[in-house]
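So that you can map any letter, position 83 of the sequence shown is 272 in the working numbering, and since no number is skipped, the others follow by simple counting.
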Amino acid sequence: MQFVYIVVIGLHVMAGVFWAGTTMAVARDPDIRAERFFRPQMGAAVLVFLTGILLWYFFHEAAFGSMEKVLALGIVTALIAAGVQGALVGSASRRLAGADAAAQTELRAKMTRGERIAGGLLVITVLCMATARMF
Ligand code: HEM
């Protein structure tokens, strides 16, 4: 069983670091083409949620103490981040192809706004995940 825990935690942390890290990088630099990251980010988010649910089932199903409250806060901010990314970045990146220069500028501004909001929320998620066991 130990081996399963190691694989699940490894996948969880790697996918989470990719999702949060690329979101923050794209949010900081609008010259990075956010649309190229969107699908891998959403794929990583799905993996984070699936492995996170497994971790909850393995280690936290029995009680809802202060550690679980901190984890839950991180999970809620991650859920909102995924929603914001899907709504703002996803919809804008789909409309980019075929848009004229003025529309592209507008769509890119919308994508950057989405990445910034999601990046801020994922900062809270990472802090909660990393510190939860100290509560
Ligand atoms: C950017 C997103 C995320 C990152 C970077 C991340 C990272 C981490 C890290 C580093 C830990 C290990 C903490 C420790 O052992 O002290 C952890 C634990 C955990 N994460 Fe996440 N996480 C993310 C999102 C999520 C989500 C969305 C869920 C739930 C759906 C979740 C559920 C959990 C659970 C239940 C644990 C506790 C595991 C244990 O008790 O050892 N995480 N996470």
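For every residue, glycine included, the Cβ atom is placed at its ideal position computed from N, Cα and C.
In this structure, the alpha-carbon of I264 lies about 14 angstroms from that of A204.
Of L239, K299, L268, A286, the smallest CA-CA separation from I313 is found for L268. Look at R228 here: in three-state DSSP terms it is helix. Counting only runs of at least 4 residues, the region 246-296 fully encloses the following alpha helix (DSSP H) elements, listed from N- to C-terminal order: 255-273, 280-285.
Remark: C-beta atoms of V278 and F227 approach each other more closely than 8 angstroms. Nearest neighbour of A261 by Cα position, chosen from A271, A276, G241, turns out to be G241.
Rounded to the nearest whole angstrom, the CA to CA distance from M300 to V202 is 25 angstroms. Judged by the Cβ position, F227 fails to qualify as a neighbour of the ligand HEM at the 7 angstroms threshold, every heavy atom of the ligand being at least this far. In this structure, the beta-carbon distance from L239 to A270 does not fall below 8 angstroms.
Proximity to T211 across A234, L200, A276 peaks at A234, based on C-alpha coordinates.
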